[in-house]
Amino acid sequence: MMRAFEWLSKAVTHKNANSATKNTVYTLRLCTGFGRGAGLTDPLAGVLVCLIGQDGSSCLHRIPPLNDPETTAAELEEICKVADKEDGANCTAVRRPSKPVAIKQRFQSGSIDEISFLGPELGPLNSIMVAPEGGSWQLDEISVASARTGHMDRFICREAVGEGNASNAGFLAPVPVDSVVYGSGESAVVLSKEQAAALHRMGMLDYSELKSRLNIATSALVVIGTGVAYTVGDWEVALPFAMGGMGGLFYQWSLQQGVDAIPAPADITKRILLPSAGARVKRIVGSTTFRFFAVTVAALGLVGALEYASGQQGGGTNIDEARQVLIGIMGFLMYKLALVGVSAAPPTHTKEPALEDA
């Protein structure tokens, strides 16, 4: 990886030395992924970025791992000494911090880092290479804006690069700035905003129909199973099955609330970290901890109810409590059976012809 960047550095120096390329102030905006372990694992490593123009000219820049406001202000002052307004340098906004400001670590999970530097104007970029000096790092996306021309290029990665990964460096091609990208790498699908909105709308319709069918199927299985259990063994069998089925229906509803609490794509893009009160309630109700607590309470309640019913009948029943608990578990698992049956049906809205017509 480092040899490739050393070769590029020599190529950049040779190419730029023999050309009269004008300078510009580049602004890079790097978004680190949100997943666990997405941040740069080596706190002392910087990130190397190589911009490649359409004519093959290049510009290599190193981004340090620490964001020091003092150092940033000093670098901007150095840019203003050699750059002019045509290069896009806004020297009126350059000020050193009046008070000590904390130094922050760059490239952390979910962070957005912006840096500016002076480099040769390459025009619209053909591609970029991005790699950490050490460790592993998951880059979500990066945008490159030229202050001279106002042109912006956007690149999508969404894969981990560096040590221990499939690739030590990311070689990225630009995508339209206003596009929506699904997936990553060669399998990524680039859609316009209109296509993405249509796909999202059809997907939500499919999801809404899936939830309705799933709830109806689960309820029907519980009702039918309760009727069969009553026919076979009276209420001593039907009641545990019905209670377990209602517990499974509630568990299924909690899972749906957890899915509904997932942030919308627009919220993820804007890095909205404080959801609304309704979204927070859905997130709590749909959490694994809440479901575990609810299922535990329901199971204890079922056992207690069976013991109480057994005591009311003088301790004698046609079926022991262990078998009743097993029947309750069977009723609970009706939501799983409904899920398998409903999910086997193909979606009715998200089809390729509908997407192409959008």
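Everything in the sequence shown is counted per the UniProt record's numbering, starting at 1 for the first residue and increasing by one. Built from N, CA and C at the ideal position, the CB exists for glycine as well. Small disclaimer: the values here were computed from a predicted structure and weren't measured.
The way I'd put it, the segment 171-179 does touch the segment 189-197; three or more beta-carbon pairs between them come closer than 8 Å.
By the 16-neighbour rule on beta-carbons within 10 angstroms, serine 57 is buried.
Buried is the label assigned to methionine 129, since at least 16 other Cβ atoms lie within 10 Å of its Cβ. Counting the other CB atoms within 10 Å of its CB gives valine 189 a total below 16, which places it among the exposed residues.
The C-beta distance from threonine 231 to alanine 242 rounds to 13 Å, too long to fall under 8 Å, and the pair is not in contact. Cα atoms of glycine 162 and isoleucine 224: separation of roughly 56 Å, rounded to the nearest angstrom. Note: glutamate 75 is not bridge-paired with any residue in the DSSP secondary-structure output. Distance from alanine 45 to glutamate 133 at the Cβ level is roughly 4 Å; contact confirmed, criterion being Cβ atoms closer than 8 Å. Straight through space, the alpha carbons of glycine 248 and proline 124 are spaced by roughly 56 Å. Per DSSP, the beta-bridge partners of threonine 24 are Gly119.
Cβ-Cβ separation between serine 146 and threonine 72: approximately 19 Å, too far for a contact (criterion under 8 Å). Looking at the DSSP output, glutamate 159 shares a beta bridge with Leu139. Spatial neighbours of glycine 341 in its own chain (CB-CB distance under 8 Å, excluding positions within 5 residues in sequence) are listed in chain order as Ala217.
DSSP lists Leu51 as the bridge partner or partners of cysteine 59.
According to the DSSP assignment, proline 240 belongs to the alpha helix (DSSP H) that extends over 235-260. With contacts defined by Cβ atoms closer than 8 Å, phenylalanine 290 and isoleucine 284 form a contacting pair.
Burial is judged here by how many other beta carbons sit within 10 angstroms of a residue's own beta carbon; isoleucine 112 has fewer than 16 and is exposed. Proline 65 is a Cβ neighbour of glutamine 105, given a cutoff of 8 Å. Secondary structure of arginine 154 (DSSP, three-state): strand. Taking a 10 Å sphere around the C-beta of valine 82, we find fewer than 16 other C-beta atoms and assign the residue as exposed. Nearest to aspartate 42 by alpha-carbon distance, out of Gly135, Asn67, Arg96, is Gly135. In this structure, the straight-line span from the alpha carbon of glutamate 141 to that of glutamate 121 is close to 22 Å. Excluding the 5 residues flanking it on each side, valine 222 has same chain C-beta neighbours closer than 6 Å at Gly245, Met334, in chain order.
For isoleucine 128, the enclosing beta strand (DSSP E) stretches over residues 125-132.
Where glycine 110 is concerned, there is no enclosing alpha helix (DSSP H), because DSSP gives it neither an H nor an E. Taking the C-beta atoms as reference points, glutamine 138 is found nearer than 8 Å to alanine 160. If you look at leucine 172, you'll find it in the beta strand (DSSP E) that goes 170-172. Excluding residues up to 5 positions away in sequence, Leu66, Asn67, Asp68 lie with their Cβ nearer than 7 Å to the Cβ of isoleucine 103 in the same chain. Residue state for alanine 38 is assigned as coil, using DSSP reduced to three classes. Note: glutamate 114 is bridge-paired with Arg29 in the DSSP secondary-structure output. By the criterion of a C-beta distance shorter than 6 Å, threonine 27 is surrounded in its chain by Ser116, Ala145, once the five residues flanking it on both sides are discounted.
In this structure aspartate 234 is exposed. Its beta-carbon is surrounded by fewer than 16 other beta-carbon atoms within 10 angstroms.
Around the CB of threonine 288, fewer than 16 other CB atoms lie within 10 Å, so the residue is classed as exposed.
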